[in-house]
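Keeping their order, the protein sequence lines are chains A and B.
Numbered according to numbering that gives the first Met the number 0, the first sequence spans residues 0 to 331.
Numbered according to numbering that gives the first Met the number 0, the second sequence spans residues 0 to 316.
Cβ atoms here follow ideal geometry from the backbone N, Cα and C, with glycine treated the same way.
Read through the structure below, which is laid out as structure tokens, and then see the notes.
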Amino acid sequence: MALLEVADLRVTFPTPDGPVQAVRGVSFQVDRGRTLGIVGESGSGKSVSTQTLMGLTQGARVSGSAKFEGRELIGMPEPELRKLRGAQISMIFQDPLSSLHPLYTVGWQIVEAIRLHEPATTKAQARKRAIEQLGLVGIPQPDRRVDDYPHQFSGGMRQRVMIAMALALNPKLIIADEPTTALDATVQAQILDLMIRLQQEFDTALIMITHDLGVIAGMADEVLVMYAGKPVEHAERREIYYAPHHPYTVGLLESVPSVSGAKDRLRPVPGAPPSLLTPPTGCGFHPRCRYAMPRCPVEEPPLIRGSACWLPRDIVGTGPEAARRRSEAAGR
Amino acid sequence: MWRFVIRRALFGLLVLWLVATTVFLLFFAGPADSVARRLAGPRAPQEVVNQIRDTLGLDRPLTQQYLGFLNKLLHGDLGTSFISQTPVSTLIMASLPATLWLVAGAAALWLTAGVTGGVICATAPRSLRDRLITVTVLAGISLPTFVLGIFMIFLALSVFPWLGLAPGPYIPPLEDIRGFFQVMIMPWITLAVVQAAVYVRLTRGSMLDTLGEDYIRTARAKGAPEHRVTYRHGLRAALTPVVTQFGVDIGALLGGVVVTESVFGLQGLGQLMIRSVRDGDLPVIIGAAVLAAAFIVVANILVDIAYSFLDPRVRLT
Chain A
0 MALLEVADLR
10 VTFPTPDGPV
20 QAVRGVSFQV
30 DRGRTLGIVG
40 ESGSGKSVST
50 QTLMGLTQGA
60 RVSGSAKFEG
70 RELIGMPEPE
80 LRKLRGAQIS
90 MIFQDPLSSL
100 HPLYTVGWQI
110 VEAIRLHEPA
120 TTKAQARKRA
130 IEQLGLVGIP
140 QPDRRVDDYP
150 HQFSGGMRQR
160 VMIAMALALN
170 PKLIIADEPT
180 TALDATVQAQ
190 ILDLMIRLQQ
200 EFDTALIMIT
210 HDLGVIAGMA
220 DEVLVMYAGK
230 PVEHAERREI
240 YYAPHHPYTV
250 GLLESVPSVS
260 GAKDRLRPVP
270 GAPPSLLTPP
280 TGCGFHPRCR
290 YAMPRCPVEE
300 PPLIRGSACW
310 LPRDIVGTGP
320 EAARRRSEAA
330 GR
Chain B
0 MWRFVIRRAL
10 FGLLVLWLVA
20 TTVFLLFFAG
30 PADSVARRLA
40 GPRAPQEVVN
50 QIRDTLGLDR
60 PLTQQYLGFL
70 NKLLHGDLGT
80 SFISQTPVST
90 LIMASLPATL
100 WLVAGAAALW
110 LTAGVTGGVI
120 CATAPRSLRD
130 RLITVTVLAG
140 ISLPTFVLGI
150 FMIFLALSVF
160 PWLGLAPGPY
170 IPPLEDIRGF
180 FQVMIMPWIT
190 LAVVQAAVYV
200 RLTRGSMLDT
210 LGEDYIRTAR
220 AKGAPEHRVT
230 YRHGLRAALT
240 PVVTQFGVDI
250 GALLGGVVVT
260 ESVFGLQGLG
270 QLMIRSVRDG
280 DLPVIIGAAV
290 LAAAFIVVAN
300 ILVDIAYSFL
310 DPRVRLT
């Protein structure tokens with residue numbers, strides 16, 4: 000039994016314009032010490048699916064199953080779910096400046112996280128632990144910085160504070176939602192290194208949500224690529240990076256800037272993500288796909304052997320050769 | 000911190016000086032006889048005009064008069080009322096308690112009701128209870144104070160006479176605490192209804208903004224129960240604009256709550272001011288104006304200081 004098993008999760012938001020189908024059937028598993036990367040553009044449903052697990056999507060209609068240590072999270076009463084939130088499963092968000100409360104010291108916020116779940120811990124004990132946590136994530140002079148407010152930290156240091164708070168209760172699962180998107184490139188690398196180190200030290204399961212395949216290249220064990228609320232490719236890291244099958248994954252890889260390849264222009268995926276009020280028929284990606292075939296708008300490709308695409312299974316990889324074979328197979 | 004307070008206090012003094020100077024020039028600039036005539040009123044006999052000119056020393060040079068005026072002001076001497084021949088400071092001190100108690104009691108009511116109502120609305124936007132409160136608030140804002148006041152007096156005298164509620168005059172609480180409440184409750188509610196309506200809207204808007212912030216999601220993700228999310232995380236941050244408004248309102252109202260005091264016959268500063276304007280009692284008008292300005296200046300300084308306690312990002316330098 001995996002630590003977290005999600006099966007056929009579906010999330011719909013009722014809106015005045017009609018129901019928005021944000022997540023349309025997602026399944027994945029995460030185990031202790033393992034990292035799952037969830038990749039997709041804005042609006043692909045990657046954040047919604049994880050926030051739903053935590054019961055943070057208010058007003059949504061949810062179906063499917065999500066078992067944490069065998070206990071069903073979907074439909075779990077709020078008080079029980081609350082005991083898990085922050086203690087067993089914690090979250091790190093994108094923008095640490097807006098995600099930390101501006102009017103309380105970072106120490107207060109970490110102490111709150113600890114004492115919400117361990118009411119028996121005294122304030123002094125919790126404060127001592129908060130200082131330890133701040134030291135653990137590499138904040139210099141933690142015994143002094145503990146009384147500072149979030150605005151007194153730099154962006155990278157603030158994200159370290161978020162991580163310290165997320166780790167304060169030694170959770171079994173951490174969900175990091177674009178934790179480095181708001182940071183400078185060099186700080187990004189430091190934060191990712193820190194997360195890898197802490198994950199190994201505490202044997203935590205980690206879900207990394209990102210729109211940038213480059214971010215998780217060095218840390219994800221497996222990668223789930225989402226498009227329009229559905230998984231389009233789900234495979235081990237090597238396979239995703241070296242032998243991607245789905246044209247959308249290929250497009251994402253080609254849009255990652257590389258340090259050496261300065262001579263090539265970036266190739267963005269053409270078009271924009273579809274509206275989830277009226278998702279496209281058949282394969283959700285067909286309106287933007289270079290290799291769309293007549294059956295693509297009609298029949299929805301199932302997720303078989305890690306990829307949801309009608310193209311022959313043996314055409315994998317990036318580059319002109321793979322592109323030529325794909326065009327041939329698609330009859331273009 | 001202290002540097003800030005001192006600087007703001009000096010700035011406040013500057014504002015007060017400007018107010019005093021403006022008031023002085025408004026009344027005393029001009030030839031001695033026409034000033035004396037203006038002070039005495041158009042129908043006063045010539046002897047009275049002459050007497051005023053001599054007692055106030057209006058034929059001295061303007062700068063000399065001005066320095067004398069400032070000197071007296073600094074010593075708390077606001078002159079003597081033309082009408083009652085009592086010192087202005089005595090008149091003001093006699094009227095101040097009624098206004099102070101009126102504003103203090105009403106403020107407690109409207110702040111509690113306004114913030115509570117705002118939070119109730121903001122935690123369930125567009126729900127039935129939100130809409131009910133919003134409609135009530137709209138009615139509260141649209142209702143003229145004197146209509147509400149008269150209606151309350153009608154209710155008190157004809158429907159609930161056994162409550163013993165009565166419109167004015169003001170009774171000091173130390174003299175007769177029961178009588179004090181019987182006199183003050185109606186003016187408190189009247190003044191609070193209009194103000195509470197404003198505060199419900201202010202709190203609701205501020206709270207809705209705050210509850211959409213990322214740090215509210217963080218609080219939930221930490222496992223904080225909903226009431227803690229609403230109050231410790233949400234309301235704490237939403238309160239800043241409310242406190243600002245509160246300080247400004249208190250400062251302005253302490254200068255005299257004209258309509259409410261008049262409807263309920265409370266002898267407060269508002270009544271004093273109305274009466275002295277009607278009688279052309281110049282020293283009283285000047286005194287009341289300077290005092291009202293002082294309240295506003297002090298309230299603003301207090302708001303600024305409160306700000307630094309509420310929001311650590313505001314550095315007072």
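- For R177 (chain B), there are no C-beta contacts with chain A under 9 angstroms, since the nearest C-beta of that chain is about 43 angstroms from it.
- By the criterion of a C-beta distance shorter than 7 angstroms, F145 (chain B) is surrounded in its chain by V258, V262, once the five residues flanking it on both sides are discounted.
- Beta-bridge annotation (DSSP): M90 (chain A) is paired with A:I174.
- By the Cβ-count criterion, D248 (chain B) is buried, with 16 or more other Cβ atoms from all chains shown falling within 10 Å of its own Cβ.
- Residue-level contact check: R274 (chain B) does not touch chain A, since none of the beta carbons of chain A fall below 8 angstroms from its beta carbon.
- Contact annotation: in the region 205–231 of chain B, residues whose CB is within less than 9 angstroms of a CB in chain A are E212, D213, Y214, I215, R216, T217, A218, R219, A220, K221, G222, A223, P224, E225, R227, R231.
- The residue among B:M206, B:P96, B:S33, B:R216 with its C-alpha nearest the C-alpha of V114 (chain B) is B:M206.
- When rounded, the separation of the alpha-carbon atoms in I188 (chain B) and H116 (chain A) is 44 angstroms.
- The three-state secondary structure of E320 (chain A), taken from DSSP, is helix.
- Judged by DSSP in its simplified three-state form, M151 (chain B) adopts helix.
- Setting aside the 5 residues that flank it on each side, R52 (chain B) is surrounded in the same chain by A31, A35, each with a C-beta closer than 6 angstroms to its C-beta; the list follows chain order.
- Here DSSP, grouped into helix, strand and coil, assigns S254 (chain A) to coil.
- Taking a 10 Å sphere around the C-beta of F284 (chain A), we find 16 or more other C-beta atoms and assign the residue as buried.
- With a threshold of 16 other beta carbon atoms within 10 Å, F27 (chain A) meets it and is buried.
- Positions of the beta strand (DSSP E) runs, each at least 3 residues long and wholly inside the region 120–190 of chain A, are given as 172–176 in order along the chain.
- For D94 (chain A), the residues of chain B that pass the 9 angstroms Cβ criterion are D213, in the order they occur in the chain.
- In this structure, DSSP gives M0 (chain B) a state outside helix and strand, which the three-state scheme calls coil.
- For L166 (chain A), no Cβ of chain B is located within less than 8 angstroms of the residue's own Cβ.
- Remark: three or more beta-carbon pairs, one from each stretch, lie closer than 8 angstroms, so the region 305–317 of chain A and the region 225–241 of chain A are flagged as touching.
- G17 (chain A) counts as exposed, since fewer than 16 other C-beta atoms from the protein chains shown sit within 10 angstroms of its C-beta.
- Looking at A:L276, A:R325, A:H244, A:L251, the one whose alpha-carbon comes closest to that of V315 (chain A) is A:H244.
- Around the beta carbon of K122 (chain A), fewer than 16 other beta carbons sit within 10 angstroms, so the residue counts as exposed.
- No residue range can be given for P168 (chain B), since it is assigned to no beta strand (DSSP E) and is classified by DSSP as neither H nor E.
- When the beta-carbon positions are compared, G270 (chain A) and L193 (chain A) stay at least 8 angstroms from each other.
- Annotated as proximal: G139 (chain B) and A196 (chain B), with beta-carbon spacing under 8 angstroms.
- Under the 8 angstroms Cβ criterion, the region 223–231 of chain B does not count as touching the region 274–292 of chain B, having fewer than three qualifying pairs.
- Proximity of chain A to A236 (chain B) at the Cβ level (cut-off 8 angstroms) is accounted for by H100, P101, L102, in chain order.
- When 7 angstroms is used as the limit between beta carbons, G85 (chain A) is near these residues of chain B: A220, K221, G222, in chain order.
- Among the residues facing chain B, H150 (chain A) is included, as its CB has a counterpart in that chain under 8 angstroms away.
- Two segments are said to touch when three or more pairs of C-beta atoms, one from each, lie closer than 8 angstroms; by this definition the region 83–90 of chain A does not touch the region 197–204 of chain B.
- Close to L52 (chain A), with beta-carbon spacing below 7 angstroms, lies no residue of chain B; the smallest spacing is near 11 angstroms.
- By a beta-carbon distance limit of 8 angstroms, L253 (chain B) contacts L99 (chain B). Their separation comes to about 7 angstroms.
- Rounded to the nearest angstrom, the gap between the Cα atoms of S89 (chain A) and K45 (chain A) is 16 angstroms.
- In the structure shown, the three-state DSSP call for F26 (chain B) is helix.
- When the Cα atoms are used, L210 (chain B) and T317 (chain A) turn out to be separated by approximately 45 angstroms.
- Taking every protein chain shown into account, the CB of D176 (chain A) has 16 or more other CB atoms within 10 angstroms, so this residue is buried.
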